[in-house]
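Chemist: 493 is the number that the numbering used here gives the last residue of the sequence shown; the numbers go up by one with no jumps. We treat Cβ as the ideally placed atom computed from N, Cα and C, and that holds for glycine. Let me give you the structure first, and then I'll get to my questions.
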Amino acid sequence: MRDRYFKLLLYCCIYSLCFSTGNAQDIQKVYIKAGKLFDSQQGQMITDQIIQLSGNRITGVGSDIEIPQGADVIDLSGYTVLPGLIDAHVHLLYLESPKSNLALEGVRTVIMEGDALRALRGAARAKTFLEAGITTVKDLGNSGQFLDVALKTAINEGTTPGPRMFVSGPILSSEGGQFPGLQFDHRHIAEEEYRVIRGKDDAINAVRENITYGADIIKICANNTPNNTSLTIDEMKEIVKMAHRYRRKVTAHATNNLAVWEAVVAGVDGIEHGYQVADSTLALMAEKGVPLIPTDISRTLLLKYFDLTGFEGDREQAMAGYQSSLHSRLQRAVAHGVQIVAGSDMYIDMEMPQGEGAKQVLVAYFEAGMKPIDILQSATYHSAKFMEKEQSLGVIREGAFADIIAVKGDIETDFPETIFNVVFVMKDGKKYVEKY
Numbered sequence: 058m059r060d061r062y063f064k065l066l067l068y069c070c071i072y073s074l075c076f077s078t079g080n081a082q083d084i085q086k087v088y089i090k091a092g093k094l095f096d097s098q099q100g101q102m103i104t105d106q107i108i109q110l111s112g113n114r115i116t117g118v119g120s121d122i123e124i125p126q127g128a129d130v131i132d133l134s135g136y137t138v139l140p141g142l143i144d145a146h147v148h149l150l151y152l153e154s155p156k157s158n159l160a161l162e163g164v165r166t167v168i169m170e171g172d173a174l175r176a177l178r179g180a181a182r183a184k185t186f187l188e189a190g191i192t193t194v195k196d197l198g199n200s201g202q203f204l205d206v207a208l209k210t211a212i213n214e215g216t217t218p219g220p221r222m223f224v225s226g227p228i229l230s231s232e233g234g235q236f237p238g239l240q241f242d243h244r245h246i247a248e249e250e251y252r253v254i255r256g257k258d259d260a261i262n263a264v265r266e267n268i269t270y271g272a273d274i275i276k277i278c279a280n281n282t283p284n285n286t287s288l289t290i291d292e293m294k295e296i297v298k299m300a301h302r303y304r305r306k307v308t309a310h311a312t313n314n315l316a317v318w319e320a321v322v323a324g325v326d327g328i329e330h331g332y333q334v335a336d337s338t339l340a341l342m343a344e345k346g347v348p349l350i351p352t353d354i355s356r357t358l359l360l361k362y363f364d365l366t367g368f369e370g371d372r373e374q375a376m377a378g379y380q381s382s383l384h385s386r387l388q389r390a391v392a393h394g395v396q397i398v399a400g401s402d403m404y405i406d407m408e409m410p411q412g413e414g415a416k417q418v419l420v421a422y423f424e425a426g427m428k429p430i431d432i433l434q435s436a437t438y439h440s441a442k443f444m445e446k447e448q449s450l451g452v453i454r455e456g457a458f459a460d461i462i463a464v465k466g467d468i469e470t471d472f473p474e475t476i477f478n479v480v481f482v483m484k485d486g487k488k489y490v491e492k493y
């Protein structure tokens, strides 16, 4: 009898605890007042919205949401509220002096920096991305042997602040990786940074290795610039086939038209850079639904680069030649209907926080003629869709993660300045920047 009484009492206590916890969760809801809110899926601004949060998720969005008396309210009614930005091409574990190059700096990083120091520096860079309003990144190699996986783990467990990370592990490349000039006896240096592919069977094994050790996406070098070697179409096809078997996307470093065309024919899911690409290849990309991630440089960043390198030539002429080619490529891609996904490739030390420098790629798109709304979509919804995460990332909608930022100014009429005026950053329901 006493045992039955004890069980009944225990049941009542548990029921009471669950009931009170439910009430506590209701009280803990957070409400954000948004003056302007960017609907990234529809590509439009809407006004006077309320965002309801519970924990790390958005539980409601609308103009008719009632805010209970005494609720926790974040008043951003004087600002434009955006989904947290996504940078689809970063290298958090690598930084290069503007006076150096990938070969020299890459070798120095591998043999002199060491994994521990490299990881600590990567963590510091990751924090600057988060503070700039970039709440998610796609880290595409040049991170040693899975240091990107380690950094992602540290961020996820709260050891260090940083954006959400989707990581590739070592880049799959042909002989020598992107380290030109190595002697045969020292080829192992490249193999500490890249996964060198030697044939179709090895390509299959490499994909399995990367996935086993934590890769969310597979990155390949369709061409090995500055080396002149490249993967074969058959090798790339095997990589794509195996990656897709494990539900991983494949994205390709491809800088010239031949490399882009071969990668698209092989079935890759994305093209990184694509600096030189023919209209026929862009048409093929559009037909197959392969997005372009243009890692372009803004006028501001290019002038800064000239300053740091001591460039003594005609800067305006050099800049005009460089940008006209990139602008033409981006305009032609858009005209052909190629999806644009924003990615900075910000691995040069421009003597500014890496995260702030990374947003210059959005200014570069603006300078090429893209509209602010389209640029924002490229850095939110379209990027999330590429990773098949558009229900939870890159959007402000019910069920999505509470990754939310706010900027001061009119982003539709003064994009180049407003995108840098970040006054609020929330990732996973936690506030990191509050300057409003």
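On the criterion of 16 or more Cβ atoms from any shown chain inside 10 Å, does V130 qualify as buried, or is it exposed?
Modeler: Position 73 of the sequence shown holds residue 130. By the 10 Å Cβ count, V130 comes out exposed.
Chemist: Using a 10 Å radius around the Cβ and a threshold of 16 neighbouring Cβ atoms, would you call K492 buried or exposed?
Modeler: Translated into the one-based positions of the sequence shown, residue 492 becomes position 435. It counts as exposed.
Chemist: When DSSP builds the beta bridges, which residues end up paired with P473?
Modeler: As a first step, residue 473 must be located in the sequence shown, where it is residue number 416. Its beta-bridge partners do not exist; DSSP assigns none.
Chemist: Assess contact between the stretch 221-231 and the stretch 269-277, defined as three or more Cβ pairs (one per stretch) separated by less than 8 Å. Is contact present?
Modeler: Touching, yes, given that three or more Cβ pairs across the two stretches are closer than 8 Å.
Chemist: To the nearest angstrom, how far is the alpha carbon of I18 from that of Y88?
Modeler: Nothing in the structure corresponds to residue 18, since the chain is present only between 58 and 493.
Chemist: With H, G and I counted as helix, E and B as strand and the rest as coil, what does DSSP make of M169?
Modeler: To locate residue 169, count along the sequence shown from 1; it is residue 112. It is helical.
Chemist: For F443, does the three-state DSSP call read helix, strand or coil?
Modeler: As a position in the sequence shown, residue 443 is number 386, starting the count at 1. Residue state, collapsed to three classes: helix.
Chemist: Within the stretch 291-378, note down every full beta strand (DSSP E) run reaching 3 residues or more, in order along the chain.
Modeler: Segments of the beta strand (DSSP E) lying fully in the stretch 291-378: 306-311 and 327-330.
Chemist: Would L383 pass as a contact of A425 if the rule is Cβ separation under 8 Å?
Modeler: Position 326 of the sequence shown, counting from 1, holds the residue named residue 383. Position 368 of the sequence shown, counting from 1, holds the residue named residue 425. A contact, by the Cβ cut-off of 8 Å.
Chemist: Is the stretch 158-177 touching the stretch 452-472, taking contact as three or more C-beta pairs under 8 Å?
Modeler: Contact fails: fewer than three Cβ-Cβ distances are below 8 Å.
Chemist: Quick check: what's the CA-CA separation for C278 versus L229?
Modeler: In the sequence shown, residue 278 corresponds to position 221, counting from 1. In the sequence shown, residue 229 corresponds to position 172, counting from 1. If you take the alpha carbons of C278 and L229, they lie about 6 Å apart.
Chemist: By how many angstroms is the C-alpha of N313 removed from the C-alpha of S337?
Modeler: Stepping through the sequence shown from its first residue, residue 337 is reached at position 280. Stepping through the sequence shown from its first residue, residue 313 is reached at position 256. Roughly 13 Å separates the two Cα atoms.
Chemist: Just the C-alpha distance for F481 and L142, rounded to the nearest angstrom, thanks.
Modeler: Position 424 of the sequence shown holds residue 481. Position 85 of the sequence shown holds residue 142. If you take the alpha carbons of F481 and L142, they lie about 12 Å apart.
Chemist: Starting from G412, trace the alpha helix (DSSP H) in both directions and tell me its first and last residue.
Modeler: As a first step, residue 412 must be located in the sequence shown, where it is residue number 355. G412 -> alpha helix (DSSP H) spans Q411 to A415.
Chemist: Between the Cα of K488 and the Cα atoms of I476, I462, G117 and N478, which residue gives the shortest distance?
Modeler: Within the sequence shown, residue 488 is the residue found at index 431, counting from 1. The shortest C-alpha separation from K488 is found at I462.
Chemist: Let me confirm a value: S97 is counted as buried when at least 16 other C-beta atoms fall within 10 Å, else exposed. Which label applies?
Modeler: The residue given as residue 97 occupies position 40 in the sequence shown. Buried, because 16 or more other Cβ atoms sit within 10 Å of the Cβ of S97.
Chemist: The beta strand (DSSP E) spanning D196 covers which residue range?
Modeler: Counted from its first residue, the sequence shown places residue 196 at position 139. Run containing D196: I191 to D196, per the beta strand (DSSP E) assignment.
Chemist: Under 8 Å between the Cβ atoms of A183 and P220?
Modeler: Numbered from 1 along the sequence shown, position 126 holds the residue referred to as residue 183. Numbered from 1 along the sequence shown, position 163 holds the residue referred to as residue 220. It is a contact, given that the beta carbons lie within the stated cut-off.
Chemist: To the nearest angstrom, report how far apart A340 and G394 are at their CA atoms.
Modeler: Locating residue 340 in the sequence shown gives position 283, counting from the first residue. Locating residue 394 in the sequence shown gives position 337, counting from the first residue. Between A340 and G394, the C-alpha separation is close to 8 Å.
Chemist: Residue range of the beta strand (DSSP E) that A495 falls in?
Modeler: Absent from the structure is residue 495, since the part of the chain shown begins at 58 and ends at 493.
Chemist: Let me see if you follow: with CB-CB separation under 8 Å, is L208 close to chain D or not?
Modeler: This model lacks chain D altogether; it includes just one protein chain.
Chemist: Would you call the CB atoms of A459 and S449 closer than 8 Å?
Modeler: Residue mapping note: residue 459 aligns to position 402 of the sequence shown, counting from 1. Residue mapping note: residue 449 aligns to position 392 of the sequence shown, counting from 1. Not a contact, by the Cβ cut-off of 8 Å.
Chemist: Report the rounded CA-to-CA distance for G79 versus I328, giving the unit in angstroms.
Modeler: Sequence index remark: in the sequence shown, residue 79 carries index 22 (1-based). Sequence index remark: in the sequence shown, residue 328 carries index 271 (1-based). Its pLDDT being 43, under 50, G79 is placed unreliably in this model, and the coordinates cannot settle the point.
Chemist: Go ahead and pull the three-state DSSP assignment for L150.
Modeler: Along the sequence shown, one-based indexing puts residue 150 at 93. Three-state result, L150: coil.
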